Amino acid sequence: MVKLFIGNLPREATEQEIRSLFEQYGRVLECDIIKNYGFVHIEDKTAAEDAIRNLHHYKLHGVCINVEASKNKSKASTKLHVGNISPTCTSLELRAKFEEYGPVLECDIVKDYAFVHMERAEDAVEAIRGLDNTEFQGRFFEGWTSVGSGGPSAEKLCQASQSVSICV
Numbered sequence: 702m703v704k705l706f707i708g709n710l711p712r713e714a715t716e717q718e719i720r721s722l723f724e725q726y727g728r729v730l731e732c733d734i735i736k737n738y739g740f741v742h743i744e745d746k747t748a749a750e751d752a753i754r755n756l757h758h759y760k761l762h763g764v765c766i767n768v769e770a771s772k773n774k775s776k777a778s779t780k781l782h783v784g785n786i787s788p789t790c791t792s793l794e795l796r797a798k799f800e801e802y803g804p805v806l807e808c809d810i811v812k813d814y815a816f817v818h819m820e821r822a823e824d825a826v827e828a829i830r831g832l833d834n835t836e837f838q839g840r841f842f843e844g845w846t847s848v849g850s851g852g853p854s855a856e857k858l859c860q861a862s863q864s865v866s867i868c869v
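Going by the numbering used here, the letters in the sequence shown line up with residues 702 to 869, in that order.
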């Protein structure tokens, strides 16, 4: 799996549109848009290289997009999907909240949900135990899911955490 960064996305760009664009080059495992940039997880290295070669400086809605390999460390992590995030919450504030439970490698807020990458699965379980249905900035965290590769499945996280009341 290769994570690609897409920069300079026009406002009109949709997740489905980006996914379709990249699927011309290989299987897209995940696609996330965050304001004017996004990330696409593509299945293999050759497909990722083809996508970069063909889509870097591609004009989308009249805007030249940038496509490159993500500079994130390819360290295994447990990625949590967290629902019901306040519209005023920043990535830094959410990251700080989760860092109370362990190292956070990445934290991206998309509309009213977020993806939080915890370095260790056991820290992710503790974060779920500690934060499930707790209030943060006027909203209650909900909708826990573990997604992506490198970490345990949502089922394993839910089995490990008996106190979790919401597992999607």
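Don't be surprised by glycine CBs; every beta carbon is placed ideally from N, CA and C.
Computed from a prediction, not measured in an experiment: that's the story for all the values here.
- Rounded to whole angstroms, the separation of the alpha carbons of residue 771 and residue 724 is 18 Å.
- In the three-state DSSP reduction, residue 747 falls in the helix class (H, G or I).
- In the DSSP assignment, residue 809 falls within the unbroken beta strand (DSSP E) covering 805-811.
- Residue 807 counts as buried, since no fewer than 16 other beta carbons sit within 10 angstroms of its beta carbon.
- In this chain, the alpha helix (DSSP H) harbouring residue 798 covers 792-799.
- Listed in chain order, the non-local C-beta contacts of residue 729 below 8 Å within the same chain comprise 720, 723, 741, 742, 743 and 744, local neighbours out to five positions each way being set aside.
- Cβ-Cβ distances below 8 Å link residue 751 to 726 and 727 in the same chain, with the five nearest sequence neighbours on each side left out; the list follows chain order.
- Look at residue 832 here: in three-state DSSP terms it is helix.
- The beta carbon of residue 792 lies closer than 7 Å to those of 808, 809 and 810 in the same chain, with the five residues before and after it left out.
- With a cut-off of 8 Å on Cβ pairs, the region 813-820 is not in contact with the region 747-767, counting fewer than three such pairs.
- Residue 734 and residue 714 have their C-alpha atoms roughly 9 Å apart.
- Taking C-beta separations shorter than 6 Å and ignoring five residues to either side along the sequence, the partners of residue 827 in its chain run 802, following chain order.
- Under the three-state reduction of DSSP output, residue 840 falls in the strand class.
- Excluding the 5 residues flanking it on each side, residue 804 has same chain C-beta neighbours closer than 6 Å at 820, in chain order.
- Annotation for residue 724: the continuous alpha helix (DSSP H) segment containing it runs 716-724.
- In the structure shown, residue 753 falls within a helical segment according to DSSP collapsed to helix, strand and coil.
- In this structure, 822 is the residue among 822, 794 and 761 with its C-alpha nearest to the C-alpha of residue 779.
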